[in-house]
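In terms of this note's numbering, the sequence shown has 82 at position 43, counting the first letter as 1, and numbering is strictly consecutive.
Even glycine gets a Cβ: it sits at the ideal position worked out from N, Cα and C.
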Amino acid sequence: MLEIPESKTISKQTGNTLTGKKIAEVFTATQKHKFAFFHGDPAGYDKLLTGRQVKSTKGHGMFVDIYCDEDVCITISEGTNMRYYTSSEQPPEKYQLLIVFEDGSFAACTVAMYGGIWAKKGMFDNPYYQGSLNSISPLDDEFDELYFDNIFNNATENASMKALLATKQRIPGLGNGVLHDILFNAHLHPKRKKSTVNDSRKAELFHSLKITLRKMTDLGGRDTERDFFGNFGGYETILSKNTVKNPCPNCGDAIFKEAYLGGAVYYCPDCQPL
Ligand SMILES: [Zn+2]
C-alpha cells in the first residue's frame, strides 16, 4: 500500500526514469478487477495517453501523479502497484493497465485488493485526492508542533491513537502501515485514548511522527512494500506482518497483532501500555 514514504520514493523513481519518455501505446486490463478504479472508461486511455510525453511526477499522501504534456495526468493510489520494465523484459501475466513508451520500456499497473488508476485531462475532483494534494505533509517543515497540536486538539477526547493518526484523512498518507512504528517509537498503544495522553507524551508522538516518516522515506520506503523497480524498501519495519511474534527490540516480549478499526494493529504490550 502506498503511504507517505512509498509515494515519495516511487514519485522520485518514476520522475528519474520516465521524464522525457513518450507514450507509444496503452493496453487495458488482462482481466476485470472489481476494485480497480478508473477515471471514465479505461478503453479511452489509449487515445488519451498515446503521444503524450512525461514531464514531471509528484508523490503526496497515498498518491503518485505522473504529469504529461497537454494537461494530462496519470494518478495511481494506495493499493495500485506500478512497476517499471525495460524493453528486454516480459510484461506480467496479469495487469490492470500497461503503458508502453517509445523506447520499448513499459510500466505495468497491478491491483491486489483495491486501487485507483486514473488517467485524465485537466482537474481531478476526487475529494481524497484534492485533500491530499492541498495538505501539508509531515515531511515538510510547515508540519510543525503547532500544526500537529491543532490536529490533535480537533479530535474527540475518546479518539484512540490509531483513530487520531490514521483515519478521517487528518494526515493524508499516514495509514495503517506507517502508523505502527510511529506509535512504537512514541511508546503509545494504538488503542490508547487521547484523553490519557499528556503534553510531554504528545510532544514525543510529534517527534516520532516526524523522525519515523523521514527515516522511512530516506531509506526508500518500508520493507513490506515494493518500489517502482519491484524491490522492497530499505526501511526495516519494527512492527509489521514481517515481525509479528518476533521479540520486541526493546524488551524481548513477543510482538502482538490484533484486528482493530478495519485493519490489523501491531504493538508490544509492554513498551506500549494501554
Ligand atoms: Zn517491548
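By the C-beta criterion, the stretch 282–291 is judged not to be in contact with the stretch 70–81, since fewer than 3 inter-stretch pairs fall below 8 Å. Note that the C-beta distance between F66 and Y134 is below 9 Å. Counting only the Cα atoms, P312 lies some 48 Å from P81. Taking a contact to require three or more Cβ pairs closer than 8 Å, the stretch 183–198 and the stretch 108–126 do not qualify as touching. For M40, there is no enclosing beta strand (DSSP E), since its DSSP letter is neither H nor E. The set of residues with any CB-heavy atom separation to ligand 1 below 6 Å comprises, in chain order, C287, N289, C290, D292, C307, D309 and C310.
Here K97 has S50, V103, D104 and Y106 as same chain residues with Cβ atoms under 8 Å from its own Cβ, once five neighbours each way along the sequence are excluded. DSSP places D238 inside the alpha helix (DSSP H), whose first and last residues are D238 to D257.
Linking I138 to G161 through their CA atoms gives a straight-line distance of about 20 Å.
In the structure shown, D220 falls within a helical segment according to DSSP collapsed to helix, strand and coil. With fewer than 16 other Cβ atoms inside 10 Å of its own Cβ, Q169 counts as exposed. Using a Cβ-Cβ distance cut-off of 8 Å, the stretch 257–272 and the stretch 117–132 are in contact, since at least three pairs of beta carbons, one from each stretch, lie closer than that value. Put simply, of I175, A225, L178 and Y167 the residue whose alpha carbon is nearest the alpha carbon of T206 is Y167. Taking the Cα of K201 as reference, the smallest distance to any Cα among E45, H99 and E297 is reached at E297.
DSSP places T114 within a strand segment (E or B) once states are collapsed to three. Contact check for H99 against G272 fails: the beta carbons are separated by 9 Å or more. Counting the other Cβ atoms within 10 Å of the Cβ of A158 gives 16 or more, which makes it buried. Annotation for G98: the continuous beta strand (DSSP E) segment containing it runs V93 to H99.
Counting C-beta pairs with one atom in each stretch, the stretch 240–254 and the stretch 280–289 have fewer than three that are closer than 8 Å, which means they do not touch. It is roughly 8 Å from the alpha-carbon of A225 to the alpha-carbon of L248.
Using a Cβ distance threshold of 9 Å, T256 and I115 do not count as a contacting pair. Cβ contact annotation for K230 (same chain, cutoff 8 Å, sequence separation greater than five): S199, M200, K201, Y299, V304 and L313, in chain order. Counting only the Cα atoms, I221 lies some 10 Å from L204. Straight through space, the alpha carbons of F140 and A147 are spaced by roughly 11 Å. With a threshold of 16 other beta carbon atoms within 10 Å, T149 meets it and is buried. In the three-state reduction of the DSSP assignment, M162 falls in the coil class, being assigned neither a helical nor a strand state.
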